[in-house]
Amino acid sequence: MKLHTLAAGTLLLFCTAAALFAGGAKDTAADEQAVIRIASKPMTEQYILTEILKQLIEHDTDLTVEVTKGIGGGTTNIHPALLKGEFDLYPEYTGTAWAFIVGRTDIPADDQMYGTVWQELQKAYGELGLEWINLYGFENKFAIAVRNDAVQPHGITKLSQLAEISADLTFGANPDYYEKADGFNLLCDTYGLAFKETVDLDMGLKYTAIETGSVDAINAFTTDARLAVAPVTVLEDDRHMITDYYCGTIARTDTLEAHPELRAALAKMDGLITTEDMIFMNAEVEINGKDEIDVAREFLSAKGLLNQR
Numbered sequence: 000m001k002l003h004t005l006a007a008g009t010l011l012l013f014c015t016a017a018a019l020f021a022g023g024a025k026d027t028a029a030d031e032q033a034v035i036r037i038a039s040k041p042m043t044e045q046y047i048l049t050e051i052l053k054q055l056i057e058h059d060t061d062l063t064v065e066v067t068k069g070i071g072g073g074t075t076n077i078h079p080a081l082l083k084g085e086f087d088l089y090p091e092y093t094g095t096a097w098a099f100i101v102g103r104t105d106i107p108a109d110d111q112m113y114g115t116v117w118q119e120l121q122k123a124y125g126e127l128g129l130e131w132i133n134l135y136g137f138e139n140k141f142a143i144a145v146r147n148d149a150v151q152p153h154g155i156t157k158l159s160q161l162a163e164i165s166a167d168l169t170f171g172a173n174p175d176y177y178e179k180a181d182g183f184n185l186l187c188d189t190y191g192l193a194f195k196e197t198v199d200l201d202m203g204l205k206y207t208a209i210e211t212g213s214v215d216a217i218n219a220f221t222t223d224a225r226l227a228v229a230p231v232t233v234l235e236d237d238r239h240m241i242t243d244y245y246c247g248t249i250a251r252t253d254t255l256e257a258h259p260e261l262r263a264a265l266a267k268m269d270g271l272i273t274t275e276d277m278i279f280m281n282a283e284v285e286i287n288g289k290d291e292i293d294v295a296r297e298f299l300s301a302k303g304l305l306n307q308r
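This is the structure we're talking about:
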């Protein structure tokens, strides 16, 4: 009788522990589902944008956001990770998506970006279980910047003139740029360029490489604050080969469906940031030494988005 009672008690204790364990496991899973994981490319602009996304989402919802900043290779590595579910969303540029995801080599006119191009991007991402939520409003495109001491003695101001000296120059760019249909190869084909050497650079290291003389030319971005102070000349794209780029959020559809409140928060990003806003915020971090967290908070507060739900 005592043995039976002990066995029953042991069974009850085991069942209670199992229930508690199961409950704990369920809670942990729920907690994991409530975390939104955001990725960024290794550049100041993306650090700021992901902070803006994080603060806006956490202010407007009960979701927790984890940001992984500075993923080397940019789209090349972030996109596969997004498909695997390692991330839920990240900021991307239309020109990169047009070449990398849709696989197009043509350069759409600016007035097509909100028409046929936008529809094709949405369709391509939709087939992958992803969705392009919005466009933030600012334009950012590639620009070719060359050290002043390389071009100024020759009076070079246009890309069509760069062929005269390209064989003496080292070109540095992020890995994406060498792979993009509208990137390095198109640049060289369009302008007849043949550089002495090419170097892979993380986006955040381009200006350091220029300043130290490690490279002579880089693929810069038109919203780069450091273009105004770096010892470089931005060459005119006189054959109009460079694609217009607009930035917006790409997210997993299943994440958006699981958290409808996330979509509502992200909708506030639509048309929120002007090109001037982005250049200013980049300058605050790169030139004035502010932390991107503070810059993002100041921007959202100025827009009245952190004051109330």
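Here the sequence shown is numbered in numbering that gives the first Met the number 0, starting from 0 and rising by one per residue. Glycine residues also receive a C-beta, built at the ideal position from the N, C-alpha and C atoms. Given the structure is predicted, the values throughout are model-derived calculations rather than measurements.
DSSP, read as helix, strand or coil, puts residue 134 in coil. For residue 94, the enclosing alpha helix (DSSP H) covers residues 93-99. Contact annotation: the region 244-262 does not touch the region 199-216, with fewer than three C-beta pairs closer than 8 Å. Spatial neighbours of residue 139 in its own chain (CB-CB distance under 8 Å, excluding positions within 5 residues in sequence) are listed in chain order as 44, 92, 220, 221, 222, 244, 245, 246, 274, 277. Between residue 272 and residue 135, the C-beta gap is smaller than 8 Å, which places the two residues in contact. Separation of residue 283 and residue 253 (C-alpha to C-alpha, rounded to the nearest whole angstrom) is 36 Å. Shown here for residue 169: same chain residues with a beta carbon closer than 8 Å to its own, the five before and five after excluded, namely 194, 195, 196, 197, 198, 213, 214, 215, 216 in chain order. Taken atom to atom, the span from the alpha-carbon of residue 36 to that of residue 73 is near 16 Å. If you draw a 10 Å sphere on the C-beta of residue 232, you find 16 or more other C-beta atoms in it, and that means buried. Taking C-alpha positions only, residue 154 is separated from residue 270 by approximately 39 Å.
Rounded to whole angstroms, residue 165 and residue 156 show a C-alpha spacing of 13 Å.
At the C-beta level, residue 224 and residue 285 come within 8 Å of one another. The alpha carbon of residue 33 has as its nearest neighbour, out of 295, 255, 133, the alpha carbon of 255. For residue 211, the enclosing alpha helix (DSSP H) has its first and last residue at 205-211. Per DSSP, residue 220 is one residue of the beta strand (DSSP E) stretching across 216-220.
The region 120-205 is shown to contain whole alpha helix (DSSP H) runs of 4 or more residues at 147-150, 174-178, 183-190, in chain order.
If you look at residue 249, you'll find it in the beta strand (DSSP E) that goes 246-251. In terms of Cβ geometry, residue 257 and residue 54 do not form a close pair [threshold 8 Å]. In the structure shown, residue 85 adopts coil according to DSSP, grouped into three states.
Shown here, residue 262 sits in a helix according to DSSP, grouped into three states. Under DSSP, residue 37 shares a beta bridge with 66, 88.
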